[in-house]
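Visitor:
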Amino acid sequence: MKTIKKGDYILMQFGHNDGGELADTLRARGSIKGIGEESKDIYNPIRKVNETVYTYGHYMRKYVNEAKAKGAIPIIISPVPRNNFDKNGKIEKDKYGVWAHEVAEQTGAYFIDLNEMVIEKYQKMGVEKVKAFFPKDHTHTNKEGAILNAELVTKGIRKLKNCELKKYIK
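For the sequence shown, the working numbering puts the final residue at 687, and the numbers step up evenly by one.
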């Protein structure tokens, strides 16, 4: 936040780690599922402090509103899907992607539905071709998968109405 200035574009994407335990001992904590204003007081074992944890939507609204207060232009990007094909070769839309869209609507932020775009691309490619993007686990892609995701973000920026960021894309 210290470096954000008026006219900056802020692309924000959260969700993959938000589904974790609120007081996880191995990594940063998650958030409460949903977009409401619920909260829970926890002891954070990593930081060794008591803290209040809010919903995914609460944090997204906070980030959007803080960016707007500095004169920046927020763009929420839904999370990329994991490599989770069902037996019919389909991938279900991520609930964090749905919540990201709802927060974008609530706050007036721009929105790129990367979750949907990648799902569409993966389903056309098929299970075996997509598997090559995920050499270690079902969440983190290799370089080729990252390039595909970046190309789709660029495509999403080009489709944003009244967004001047697209003039910077070649």
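Backbone N, C-alpha and C define an ideal beta-carbon position, used for all residues, glycine too.
Fair warning: this is a prediction, and the values are worked out from it, not measured in the lab.
My output table needs one value for Ile686: the three-state DSSP class, helix, strand or coil.
Guide: The residue given as residue 686 occupies position 169 in the sequence shown. If DSSP states are grouped into helix, strand and coil, Ile686 belongs with coil.
Visitor: At the level of alpha carbons, what is the spacing between Ala626 and Asp541?
Guide: Locating residue 626 in the sequence shown gives position 109, where the first residue counts as 1. Locating residue 541 in the sequence shown gives position 24, where the first residue counts as 1. Whole-angstrom Cα-Cα distance: 31 Å.
Visitor: Please classify Tyr685 as buried or exposed, where buried requires at least 16 neighbouring CB atoms within 10 angstroms.
Guide: Here residue 685 is taken as the residue at index 168 of the sequence shown, counted from 1. Exposed, by the Cβ-count rule.
Visitor: DSSP has Thr569 in a bridge; who is on the other side?
Guide: Against the sequence shown, residue 569 aligns to sequence position 52. Partner(s): Asp558.
Visitor: Would you tell me roughly how many angstroms separate the C-alpha atoms of Asp654 and Asn600, rounded to the nearest one?
Guide: The residue you call residue 654 lines up with position 137 of the sequence shown. The residue you call residue 600 lines up with position 83 of the sequence shown. Near 8 Å, if we compare the C-alpha coordinates of Asn600 and Asp654.
Visitor: Between the beta-carbon of Met529 and the beta-carbon of Val581, is there less than 9 Å?
Guide: Here residue 529 refers to the residue found at position 12 when the sequence shown is read from its first residue. Here residue 581 refers to the residue found at position 64 when the sequence shown is read from its first residue. In contact: Met529 and Val581 (Cβ atoms closer than 9 Å).
Visitor: Starting from Leu677, trace the beta strand (DSSP E) both ways and give me its first and last residue.
Guide: Here residue 677 refers to the residue found at position 160 of the sequence shown. Counting along the chain, Leu677 falls outside any beta strand (DSSP E), and DSSP gives it neither H nor E.
Visitor: Does any residue of chain B bring its CB to less than 9 Å from the CB of Ala621?
Guide: The chain inventory of the structure shown lacks chain B, comprising one protein chain alone.
Visitor: Taking the continuous alpha helix (DSSP H) assigned at Thr642, which residues delimit it?
Guide: Here residue 642 refers to the residue found at position 125 when the sequence shown is read from its first residue. In the sequence on display, residue 642 carries Met and not Thr. Segment 631 to 642, the alpha helix (DSSP H) holding Met642.
Visitor: For the candidate residues Asn659, Glu568, Phe628, Pro652, whose alpha-carbon lies nearest to that of Pro591?
Guide: Along the sequence shown, one-based indexing puts residue 591 at 74. Nearest of Asn659, Glu568, Phe628, Pro652 to Pro591, Cα basis: Phe628.
Visitor: Taking the Cβ atom as the reference point for each residue, do Asp525 and Ala584 lie within a distance shorter than 9 Å?
Guide: Here residue 525 refers to the residue found at position 8 of the sequence shown. Here residue 584 refers to the residue found at position 67 of the sequence shown. For Asp525 and Ala584, yes; Cβs fall inside 9 Å.
Visitor: Given Pro652, which residues of its chain have a CB within under 8 Å of its CB, disregarding the five upstream and five downstream residues?
Guide: Taking the sequence shown and counting its residues from 1, one reaches residue 652 at position 135. Excluding positions up to five away in sequence, the list reads Asn659.
Visitor: Measure the C-alpha to C-alpha separation of Lys638 and Gly662 and round it to an integer number of angstroms.
Guide: One-based indexing of the sequence shown puts residue 638 at position 121. One-based indexing of the sequence shown puts residue 662 at position 145. Distance between the alpha carbons of Lys638 and Gly662 is about 11 Å.
Visitor: According to DSSP, simplified to helix, strand and coil, what is Leu543?
Guide: Position 26 of the sequence shown, counted from the start, is the residue given in the question as residue 543. Looking at Leu543 - three-state DSSP - the assignment turns out to be coil, as it is neither helix nor strand.
Visitor: Determine the direct distance from the alpha carbon of Lys678 to that of Val620, and round the result to whole angstroms.
Guide: As a position in the sequence shown, residue 620 is number 103, starting the count at 1. As a position in the sequence shown, residue 678 is number 161, starting the count at 1. Between Val620 and Lys678, the C-alpha separation is close to 18 Å.
Visitor: Within its chain, find whatever has a CB closer than 6 Å to the CB of Tyr571; leave out the 5 residues flanking it on each side and keep chain order.
Guide: As a working mapping, residue 571 is identified with position 54 in the sequence shown. Once the five neighbours on either side are set aside, the close Cβ partners of Tyr571 are Ser556.
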